[in-house]
Amino acid sequence: MNNILVRTLSGGVFVAIILIPLFLSREIAAGVFGVFMALGLIEFYKLFDKTESFSIDWKTGLVYGIISYCIFAFSFFGEYYYTQWMLLILAPLFFLIVIKELWREKKNPLLNVSILGFGIIYVVLPFIFMLFFIHDDLSHFPSLAGMFILIWMNDTFAFLSGKFFGKTKLIERISPNKTWEGAIGGIIFTLLAGVIIGILFDPEKIVFWSISAAIIAPCAIIGDLLESLFKRNANVKDSGTIMPGHGGILDRFDATLFTAPFFLVWTLIYMYF
Numbered sequence: 000m001n002n003i004l005v006r007t008l009s010g011g012v013f014v015a016i017i018l019i020p021l022f023l024s025r026e027i028a029a030g031v032f033g034v035f036m037a038l039g040l041i042e043f044y045k046l047f048d049k050t051e052s053f054s055i056d057w058k059t060g061l062v063y064g065i066i067s068y069c070i071f072a073f074s075f076f077g078e079y080y081y082t083q084w085m086l087l088i089l090a091p092l093f094f095l096i097v098i099k100e101l102w103r104e105k106k107n108p109l110l111n112v113s114i115l116g117f118g119i120i121y122v123v124l125p126f127i128f129m130l131f132f133i134h135d136d137l138s139h140f141p142s143l144a145g146m147f148i149l150i151w152m153n154d155t156f157a158f159l160s161g162k163f164f165g166k167t168k169l170i171e172r173i174s175p176n177k178t179w180e181g182a183i184g185g186i187i188f189t190l191l192a193g194v195i196i197g198i199l200f201d202p203e204k205i206v207f208w209s210i211s212a213a214i215i216a217p218c219a220i221i222g223d224l225l226e227s228l229f230k231r232n233a234n235v236k237d238s239g240t241i242m243p244g245h246g247g248i249l250d251r252f253d254a255t256l257f258t259a260p261f262f263l264v265w266t267l268i269y270m271y272f
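If you read the sequence shown in numbering that gives the first Met the number 0, its first letter stands for residue 0, the second for the next number, and so on.
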């Protein structure tokens with residue numbers, strides 16, 4: 000009971016930190032997501048601390064991730080004339096980071112660089128995609144808020160459906176507790192939630208939210224499985240301990256990181272076609 004209470008309180012605080020800035024201020028929301036991005040990137044690199052095959056220069060990766068996020072944030076909220084030149088420095092800056100391996104004298108330099116770069120793609124890039132929604136969303140109901148609500152609905156009802164009806168393992172070697180029954184239950188309730196969001200909060204975009212739910216539900220499941228694969232490879236239960244009862248930042252954003260790029264593409268298709 001104590002664990003359930005801790006998870007509930009911690010989860011409630013997390014939901015508030017995510018949703019409230021989206022309705023209050025674009026700049027505050029961008030700052031909050033930047034903090035989550037930095038913490039998530041640290042957790043990702045720390046997954047490889049106990050693996051002797053790799054030696055990741057996580058501080059360098061973190062600095063590059065923060066610089067990239069800040070440049071893109073400034074490009075959305077600042078003067079485009081100046082930021083278009085700032086964006087150009089990201090490519091040469093990454094190669095400057097890569098050549099550090101010449102002096103680090105660590106084994107498997109190619110793997111070290113690959114993990115460093117993948118951390119940027121896996122963690123930083125989705126948060127940059129979310130900046131698009133924060134900047135461009137002028138409606139009364141933020142699209143990013145809807146995306147998170149649908150992800151949480153999928154996560155919640157996949158857990159409950161699996162708990163009460165789960166029998167057939169989804170991918171047992173990666174996540175022994177996940178079942179097909181849970182995944183299907185999560186998808187069904189997410190589809191219902193998409194329709195309800197459209198009816199209650201965005202009546203002019205019911206079709207948009209219905210299709211969004213159909214995209215987000217499977218993406219959220221795959222994102223969860225992908226992070227489970229990384230944790231299993233690192234032989235850890237949670238990516239961190241920053242959230243009592245929930246684990247780390249990556250444990251809360253695993254579905255979001257995989258979902259955000261697909262949701263952005265669908266949003267652009269809906270907007271322009």
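Here a beta-carbon is modelled for each residue, glycine too, at the ideal position from N, C-alpha and C.
- DSSP places residue 193 within a helical segment (H, G or I) once states are collapsed to three.
- Residue pairing by DSSP puts residue 242 in a beta bridge opposite 246.
- If you draw a straight line from the Cα of residue 114 to the Cα of residue 198, it is about 43 angstroms long.
- Per DSSP, the beta-bridge partners of residue 168 are 178.
- Closest in C-alpha terms to residue 164, from the list 181, 143, 67, 156, comes 181.
- Counting only the Cα atoms, residue 91 lies some 42 angstroms from residue 189.
- If you check the CB distance, residue 53 and residue 107 come in under 8 angstroms.
- Residue 152 is classed as buried because its beta carbon has at least 16 other beta carbons within 10 Å across all chains shown.
- Not a single unbroken stretch of the beta strand (DSSP E) spanning 3 or more residues falls wholly within the region 10 to 89.
- Separation of residue 99 and residue 70 (C-alpha to C-alpha, rounded to the nearest whole angstrom) is 23 angstroms.
- When the beta-carbon positions are compared, residue 121 and residue 256 come within less than 8 angstroms of each other.
- For the set 183, 126, 18, the Cα lying nearest the Cα of residue 216 is the one of 183.
- Per DSSP, residue 100 is one residue of the alpha helix (DSSP H) stretching across 100 to 103.
- Shown here, residue 173 sits in coil according to DSSP, grouped into three states, outside any helix or strand.
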